[in-house]
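S.K.: Let me begin by handing over the structure; questions about it come next.
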């Protein structure tokens, strides 16, 4: 009897517990109606993080006035591409022997570059030997001129006439002193010398250009400039530069060429100075210091300007937030940036990198 009573009591308690847990809880939410406005604090919080930055970073104003600065530029010694001579085979044939192993290999005037076997050349020699004992001097003279045109020297022709047998190879010689490079090579002036792709056994067409020889009578001191600083240097301007190999020896030369370059997605300017080959080594690094004067400009430290590639940005303080704005810049010299936009009254973040990280994306606001 007692057991039945306890079982009934336990069942009754379980039913009460289940009934109470099944009741739904109603949570009341505050609804923001269209007629109500957000508070100023909430408005600031929901601004895009790439458009406005809340910060207490120190600010500065742009400096104004004229400045005398020293522009430091880096460069190197390269070959003078103006002095180049093409080397080609005058006859169609096969390369039997090649004496060039790598690009920019030094060569001397008259040095044998390669030997070419040509059936046409052998046939022309046999024609001359056939006419050697004939009475027709004009025909024999024409045969000799043909051999000269095909690349044989007079001494080679005399040797053929003396021996009575044709020479099966014709030599191709360097016409000048310098450094030889195969045509079509991916090697540029800024790369190390690489092995040539031309091989013995390779066939050539008549007149096909195989190599180029750059003369070694002069070299080029080549300096790279940021496009914003290109206008600071003029043609015929005298520049003081020295080699990093021997910084105590300085040279003063005139600027010979200023050339804008767009290469591999990068835009820059090359300054070229033609120098004698004596005292310089191909590939050695150079450093130049150029005094410049810029008058009546606005200036910011480099740390205040973010370079986005095609655009430059500063962070301007508006109230208690910083807003990114685009500006136009000019020269970048000695840690300073010349600003071409009227920013006299702007409060600008002193260190722009402090307000962003490597993953940031800046939503620009046009300057007004």
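In the UniProt record's numbering, the protein residues as written are 1 to 368.
Built from N, CA and C at the ideal position, the CB exists for glycine as well.
1) Just checking my contact of residue 90 with residue 117 at CB under 8 Å: how many whole Å lie between their CB atoms?
2) Using the Cα positions of residue 325 and residue 211, report the straight-line distance between them to the nearest angstrom.
3) Which complete alpha helix (DSSP H) runs does the UniProt domain "CusB-like barrel-sandwich hybrid" (86 to 212) hold, if anything under 4 residues is left out?
4) Considering residue 253, what are the terminal residues of the beta strand (DSSP E) in which it resides?
5) Taking 8 Å as the threshold (C-beta atoms), are residue 290 and residue 71 in contact?
6) Given this structure, state the Cα-to-Cα distance separating residue 331 from residue 80, to the nearest angstrom.
7) Quick check: what's the CA-CA separation for residue 57 versus residue 288?
8) Between residue 338 and residue 292, which are expected to be in contact by the criterion C-beta below 8 Å, what is the C-beta distance as a whole number of angstroms?
9) Would you be able to state if there are at least three C-beta pairs under 8 Å between the segment 265 to 285 and the segment 217 to 224?
10) Check the C-beta distance from residue 160 over to residue 128 and give it rounded, since I have them as a contact under 8 Å.
11) Since residue 101 and residue 230 should fall inside the 8 Å C-beta cutoff, what is the C-beta to C-beta distance between them, to a whole number of angstroms?
12) What does DSSP give as the partner residue(s) for residue 267 in the beta ladder?
13) Can the beta-carbon of residue 204 be found closer than 8 Å to that of residue 92?
14) Have a look at 251, 87, 179, 165 and flag the residue whose alpha-carbon is nearest the alpha-carbon of residue 413.
15) What do you reckon, are the CB atoms on residue 316 and residue 322 nearer than 8 Å?
16) Name, in chain order, the residues that DSSP records as bridge partners for residue 315.
17) Does DSSP put residue 74 in a helix, a strand or coil?
18) What's the gap between the Cα of residue 180 and the Cα of residue 282?
19) Among 177, 318, 125, 327, which has the Cα closest to the Cα of residue 307?
20) Give the secondary structure of residue 79 by DSSP, where H, G and I count as helix, E and B as strand, and everything else as coil.
M.R.: Let me lay it out:
1) The residue given as residue 90 occupies position 90 in the chain shown. The residue given as residue 117 occupies position 117 in the chain shown. With 8 Å as the limit, residue 90 and residue 117 do not qualify as a contact, their Cβ atoms being about 13 Å apart.
2) In the chain shown, the residue the question calls residue 325 occupies position 325. In the chain shown, the residue the question calls residue 211 occupies position 211. In a straight line, the C-alpha of residue 325 is about 54 Å away from that of residue 211.
3) 119 to 131, 137 to 149, 154 to 163
4) Within the chain shown, residue 253 is the residue found at index 253, counting from 1. Where residue 253 is concerned, the enclosing beta strand (DSSP E) stretches over 250 to 254.
5) For the purposes of this step, residue 71 is identified with residue 71 of the chain shown, where counting begins at 1. For the purposes of this step, residue 290 is identified with residue 290 of the chain shown, where counting begins at 1. Yes.
6) If you number the chain shown from 1, residue 331 lands on position 331. If you number the chain shown from 1, residue 80 lands on position 80. About 29 Å.
7) Taking the first residue of the chain shown as position 1, residue 57 is located at position 57. Taking the first residue of the chain shown as position 1, residue 288 is located at position 288. Using only the alpha carbons, I get a separation of about 37 Å.
8) In the chain shown, residue 338 corresponds to position 338, counting from 1. In the chain shown, residue 292 corresponds to position 292, counting from 1. About 11 Å separates the beta carbons of residue 338 and residue 292, which is beyond the 8 Å limit, so they are not a contact pair.
9) yes
10) Reading the chain shown from its first residue, position 160 is the one you call residue 160. Reading the chain shown from its first residue, position 128 is the one you call residue 128. Residue 160 to residue 128, Cβ: 7 Å. Contact.
11) Position 101 of the chain shown, counted from the first residue, corresponds to residue 101. Position 230 of the chain shown, counted from the first residue, corresponds to residue 230. Contact between residue 101 and residue 230 does not hold, since their C-beta atoms are separated by about 40 Å, which reaches or exceeds 8 Å.
12) Walking along the chain shown from the start, residue 267 turns up at place 267. Answer by DSSP bridge pairing, in chain order: 262.
13) As a working note, residue 204 is residue 204 in the chain shown. As a working note, residue 92 is residue 92 in the chain shown. Cβ atoms of residue 204 and residue 92: closer than 8 Å.
14) Because the chain spans 1 through 368 in this model, residue 413 falls outside it and cannot be assessed.
15) Position 316 of the chain shown holds residue 316. Position 322 of the chain shown holds residue 322. A contact, by the Cβ cut-off of 8 Å.
16) Taking the chain shown and counting its residues from 1, one reaches residue 315 at position 315. Bridge partners of residue 315: 324.
17) As a position in the chain shown, residue 74 is number 74, starting the count at 1. If DSSP states are grouped into helix, strand and coil, residue 74 belongs with the strands.
18) As a working mapping, residue 180 is identified with position 180 in the chain shown. As a working mapping, residue 282 is identified with position 282 in the chain shown. Residue 180 and residue 282 have their alpha carbons spaced roughly 14 Å apart.
19) Against the chain shown, residue 307 aligns to sequence position 307. Closest option to residue 307, Cα to Cα, is 327.
20) Indexing the chain shown from 1 puts residue 79 at position 79. If DSSP states are grouped into helix, strand and coil, residue 79 belongs with the strands.
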